[in-house]
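J.:
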Amino acid sequence: MEENEEVEKTPLTDTVVYICIIAGSAGLMYGYDTAVSGGVMMMKPFLKKFFPAILLKMIDNDMKQDQYCRFNSHRLTAFISSMFIAGLVSSLLAGRVTSLIGRKLSLITSGILFLTGNGLEVFAQNLAMLIAGRLFVGFGVGFANQAAPVYITEMAPSKWRGTLNTAFQFFVCCGSVLASIINFGASHSNTNLGWRLALGYASLPATLLIIGAIFIPDTPSSLIQRDKLDEALTTLSRVRSTKAEAEAELKDLVSSTEAIKLNTQNPYLKILELRYRPQLILTVAIAGFQQLTGVGMVALYAPVVMRTIGMGTEESLLAAVVIGFVNLVSVLMSTCMVDKIGRRFLFIGGGIQIIFSQVFIACTLAIQSQIVIEGFPKNYGVVVLVLMCLISSAFGWSWGPLTWLVPSEILPIEVRAAGTGISVATNLLITFILAQLSMAMLCYMKFGLFLFYGATTLLMTMVIGVFLPETKGVPLESMESVWNEHWFWKWVLSS
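Following our numbering, the numbering of the sequence shown begins with -8 at its first residue and continues without gaps.
(1) What number of angstroms, rounded off, separates the C-alpha of Ser81 from the C-alpha of Phe134?
(2) Going by beta carbon distance, what residues of the same chain come within less than 8 Å of Met470, once the five residues before and after it are set aside?
(3) So Gly78 packs on Leu419, CB below 8 Å; how close in whole Å?
(4) Looking at the structure shown, is Tyr292 part of a helix, part of a strand, or coil, going by DSSP?
(5) Keeping to the same chain, check which residues put their C-beta closer than 6 Å to that of Pro208; ignore five residues upstream and five downstream.
(6) What is the rounded straight-line gap between the Cα of Asn174 and the Cα of Pro466?
(7) Please go through the same chain and pick out, in chain order, the residues whose beta-carbon is closer than 6 Å to the beta-carbon of Ala123, but skip the five residues on each side of it.
(8) Should Phe42 and Arg66 be called a contact, given that it needs their Cβ atoms to be closer than 8 Å?
(9) Starting from Asp221, trace the alpha helix (DSSP H) both ways and give me its first and last residue.
(10) Using the Cα positions of Pro140 and Ile99, report the straight-line distance between them to the nearest angstrom.
(11) Hey, how far is the Cα of Pro398 from the Cα of Thr411?
(12) Tell me which same chain residues have a C-beta within less than 7 Å of the C-beta of Gly287, skipping the five on either side of it?
(13) Taking Ala494 as part of the alpha helix (DSSP H), name the residues at either end of that continuous run.
(14) Excluding the 5 residues flanking Leu489 on each side, which residues of the same chain have their C-beta closer than 8 Å to its C-beta?
(15) Can you tell me which of the three DSSP states Val8 falls into?
(16) Put Met436 into one of helix, strand or coil per three-state DSSP.
(17) Helix or strand or just coil, what does DSSP make of Glu476?
(18) Measuring straight from C-alpha to C-alpha, what distance separates Thr6 and Val230?
(19) Rank Ile12, Lys481 and Gly315 by C-alpha distance to the C-alpha of Asn156 and give the top, closest one.
(20) According to DSSP, simplified to helix, strand and coil, what is Ala193?
(21) Enumerate in chain order the residues of its own chain whose CB-to-CB distance from Phe75 is below 7 Å, with the five nearest sequence positions on each side excluded.
(22) Between the beta-carbon of Gly102 and the beta-carbon of Leu200, is there less than 8 Å?
(23) With contact counted as at least three CB pairs below 8 Å, one residue from each stretch, are the region 383 to 393 and the region 314 to 334 in contact?
(24) Which same chain residues end up closer than 7 Å to Ile339 when comparing Cβ atoms and leaving out the 5 residues on each side of it in sequence?
(25) For Val31, collect the residues of the same chain with a Cβ closer than 6 Å to its Cβ; drop the 5 residues on either side in sequence, then sort them by chain order.
(26) How far does the alpha helix (DSSP H) with Ile300 in it reach, from first residue to last?
(27) Taking all protein chains shown into account, decide if Trp482 is buried (16 or more other Cβ within 10 angstroms of its Cβ) or exposed.
(28) Roughly how many angstroms lie between the CA atoms of Met33 and Ile382, to the nearest whole one?
(29) Taking the alpha-carbon of Val406 as reference, which of Ser213, Met297 and Phe458 has the nearest alpha-carbon?
(30) Closest to Phe159 by C-alpha separation, out of Ser16, Thr4, Leu450 and Leu459, would be which residue?
(31) Put Pro460 into one of helix, strand or coil per three-state DSSP.
(32) Work out the CA separation of Gly439 and Glu306 for me, nearest whole Å.
(33) Between the beta-carbon of Tyr371 and the beta-carbon of Ile300, is there less than 8 Å?
(34) What does the alpha-carbon distance come out to for the pair Glu445 and Leu308?
(35) Indicate whether Gly166 and Tyr21 have their beta-carbon atoms separated by less than 8 Å.
(36) Report the residue ranges of all alpha helix (DSSP H) runs contained in full by the region 10 to 92; include only those spanning at least 4 residues, in chain order.
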């Protein structure tokens, strides 16, 4: 009881807000690149240079052409999905690297890798060079998505951990909105300069992250793991309100890491032990389920989907801007709610809103079944846009930020880097698969694709409701008690 009272009294310092914002800006890279790639797919000069067959489909006025299949191209989806497969590989490596060199250097590494890939994309002369750039961008994203949430979790006071951790998703949304706006502007260019500039602006958040990360300290937990106690105390003194508070937290962190130093077992093997089973299962489930909300159709392919249902290129890109703004506002709502009403409520509430929205999209498209050969009436496009905004909104205040927050806080320090690496890898694996298959699934399943996402969201909402304990306000060093008190996991652990 006394421990929880101390948590409630913990104030939030300006310094910890500043350094968490710098770390959270890693999300700018991810959000911008994800949204900009979906937008440049709509630009005729880009398609003419790399995907001329798709351009012919776009300008083909033969109404016998199945509108759902207009963008079904493995080469085109490879442009999108190659980034995610590279991120999958690098996120697994990042878990180990982050433990060895610290969270700070991992953030800098992510920015450098991303910047390298972005340069290759911008100056690409052929598809091979373009894909090579996407791979390097993916390597940077893998490091960023693994290191940033862990950094924020380990720096933030327990009371403010959820609020500060949403900074990562907030910057993802900011990047997405900026990319959508720039895509809309670049779409008016009839030369290669338009799409090259749209891709090139991604170098700005990468540069911001590299420069910003140079001036922030590493986390106390990471420093203690590497026997840098004096630096850890210095860091805690910067981010906590009093020296006494910093010294008390240092003592707790040292105590919780003493046993870790005696164990040299590979963390990727260690996390398979029974005592980490609840955290591992929920970490993988949350990371995988996030993309099965169907958010990829909103975040990655929003302009493509809107173009498919009959909107023009400019209208489709403008619709993506609207969806992005809705998502951004909902993430700000999450910032205010996550440490007040808890993680479980947001997960379940967001899941329910997504389920109904997906079902209504499917019904809207099914009712107007003749759209396959006649094209979508404009009013149906507006209805679909509103429903996609509802999905984006629900995702923004639930599954979006919580997918990065919850795994980083439920994992014990000795397996936190490895566990978050597995979490990011799982997320990027599912994203890669869906990014590669989404256009084919839309072509063959048509409106049934949205029913599929509604069903998977129903399943994952039930899993969260049954198996995830509430972690709001629980200090990281006391997180083990949450699992020992859960009705199901205490039985698993006792066995």
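We treat Cβ as the ideally placed atom computed from N, Cα and C, and that holds for glycine.
If you're wondering where the values come from, they're calculated on a predicted model, not measured in any experiment.
T.: Once the coordinates are examined:
(1) 6 Å
(2) Glu400, Ile401, Pro403 and Thr462
(3) 4 Å
(4) Correct three-state label for Tyr292: coil.
(5) Thr226
(6) Straight-line Cα distance between these residues: approximately 42 Å.
(7) Counting only Cβ-Cβ distances below 6 Å, and skipping sequence neighbours, we find Leu111.
(8) yes
(9) Run containing Asp221: Leu220 to Val230, per the alpha helix (DSSP H) assignment.
(10) 14 Å
(11) 6 Å
(12) Thr422, Leu425, Ala426 and Ser429
(13) Here the chain comprises residues numbered -8 to 486, so residue 494 is not present and cannot be evaluated.
(14) No information on residue 489 is available, as it lies outside the stretch -8 to 486 that the chain covers here.
(15) Val8 falls in the helix class under three-state DSSP.
(16) helix
(17) helix
(18) Thr6 and Val230 have their alpha carbons spaced roughly 6 Å apart.
(19) Ile12
(20) Coil at Ala193, not helix or strand.
(21) Excluding residues within five positions, the ones whose Cβ falls inside 7 Å are Gly129, Leu419, Thr422, Phe423 and Ala426.
(22) yes
(23) Verdict: yes, contact present.
(24) Excluding five sequence positions before and after Ile339, the CB atoms of its chain that fall closer than 7 Å to its own CB belong to Thr452, Ile455 and Gly456, given in chain order.
(25) Cβ-Cβ distances below 6 Å link Val31 to Phe37, Trp186 and Ala189 in the same chain, with the five nearest sequence neighbours on each side left out; the list follows chain order.
(26) Per DSSP, Ile300 belongs to no alpha helix (DSSP H) and is neither H nor E.
(27) exposed
(28) 22 Å
(29) Val406 has its Cα closest to that of Ser213, out of Ser213, Met297 and Phe458.
(30) Ser16
(31) coil
(32) 25 Å
(33) Going by C-beta atoms, Tyr371 is nearer than 8 Å to Ile300.
(34) It is worth fixing the name first, because residue 445 is Gly in this sequence and not Glu. Distance between the alpha carbons of Gly445 and Leu308 is about 25 Å.
(35) For the pair Gly166 and Tyr21, the CB atoms are nearer than the 8 Å cut-off.
(36) 17 to 31, 35 to 41, 43 to 50 and 65 to 92
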